[in-house]
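Inspection log for the structure reproduced underneath, given as structure tokens.
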Amino acid sequence: METFTPDRISIDNKVLEEARAADEVNLTDAQLVLKFPDGSEQPLASSIQKLLASALHSLAKNGSVSIGQIPEELTSTTAADLLSVSRPTLMKWVEAGEISSHKVGTHTRFKRQDVLALKMQREQDRREAFAELRALDAELDEIDNS
Numbered sequence: 001m002e003t004f005t006p007d008r009i010s011i012d013n014k015v016l017e018e019a020r021a022a023d024e025v026n027l028t029d030a031q032l033v034l035k036f037p038d039g040s041e042q043p044l045a046s047s048i049q050k051l052l053a054s055a056l057h058s059l060a061k062n063g064s065v066s067i068g069q070i071p072e073e074l075t076s077t078t079a080a081d082l083l084s085v086s087r088p089t090l091m092k093w094v095e096a097g098e099i100s101s102h103k104v105g106t107h108t109r110f111k112r113q114d115v116l117a118l119k120m121q122r123e124q125d126r127r128e129a130f131a132e133l134r135a136l137d138a139e140l141d142e143i144d145n146s
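Residues in the sequence shown are numbered from 1 upward in steps of one, following UniProt numbering.
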């Protein structure tokens, strides 16, 4: 049974299984439409469709989803959490010029766009490093099998 509150929706196993079944359907080319009791219909904007598809996928894979807006200005602790690093590591990156920051009094703050850009860059770097590692592994396998 689902429980709805203004800030939280809790789901049961039945809903989770339905989400998993729905996630198996390719929603890429689908058009999601709101149908009203009077018979009228309103197509959802593509950005909303992408949001819902992403939420459904996250729910199906992880059993949970959280949706919210990240503030424009982030504390060092929040920025570090988003980047999955410690706060001291983040501050070292600031000193090295890897990410920009600004001060509010004595507190260091970060722009959301800077943190998210660094996060995407780090994810891309990680994917490229993994691809290189796989290529090296394949080369070593070829040498071993020769």
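Heads up, the beta-carbon is just placed ideally off N, CA and C, and yes, glycines get one too.
Since the model is a prediction, treat every value here as computed from it, not as a measurement.
Report the three-state DSSP secondary structure of residue i (helix, strand or coil).
{"i": "GLN69", "result": "coil"}
{"i": "MET1", "result": "Any reading at MET1 must be qualified, since the residue scores a pLDDT of 48, below 50, and its modelled position is unreliable; the value itself is stated next. MET1: coil per DSSP, three-state reduction."}
{"i": "GLU18", "result": "helix"}
{"i": "SER40", "result": "coil"}
{"i": "ASP7", "result": "coil"}
{"i": "residue 200", "result": "Any property of residue 200 remains undetermined from this structure, which presents the chain solely from 1 to 146."}
Need the endpoints of the alpha helix (DSSP H) that residue i sits in, please.
{"i": "LEU32", "result": "Here LEU32 belongs to no alpha helix (DSSP H), and DSSP marks it neither H nor E."}
{"i": "PHE130", "result": "112-145"}
{"i": "ALA60", "result": "46-62"}
Suppose contacts are defined by Cβ-Cβ distances below 9 Å. Is residue i in contact with residue j by that definition?
{"i": "ALA79", "j": "ILE67", "result": "no"}
{"i": "LEU32", "j": "LEU16", "result": "no"}
{"i": "LEU74", "j": "ARG122", "result": "no"}
{"i": "residue 227", "j": "ILE9", "result": "Given that the chain is displayed from residue 1 to residue 146, the structure contains no residue 227 and the question cannot be resolved."}
{"i": "LEU82", "j": "ILE70", "result": "yes"}
{"i": "GLU41", "j": "LYS50", "result": "no"}
{"i": "SER76", "j": "SER101", "result": "yes"}
How about residue i: is its Cβ closer than 8 Å to a heavy atom in the ligand ZN?
{"i": "THR108", "result": "This structure does not include the ligand ZN; it has no bound ligands of any sort."}
- Message: To test your reading of the DSSP string, which unbroken beta strand (DSSP E) runs of 3 or more residues are found completely within the stretch 74-118?
- Response: 102-104, 107-111
- Task: Please determine if the stretch 55-64 and the stretch 104-111 are in contact, where contact requires at least 3 C-beta pairs separated by less than 8 Å.
- Result: Too few Cβ pairs lie closer than 8 Å, so no.
- Query: Okay, do the stretch 112-122 and the stretch 92-99 touch, 3+ Cβ pairs below 8 Å being the bar?
  - Reply: The stretch 112-122 vs the stretch 92-99: in contact.
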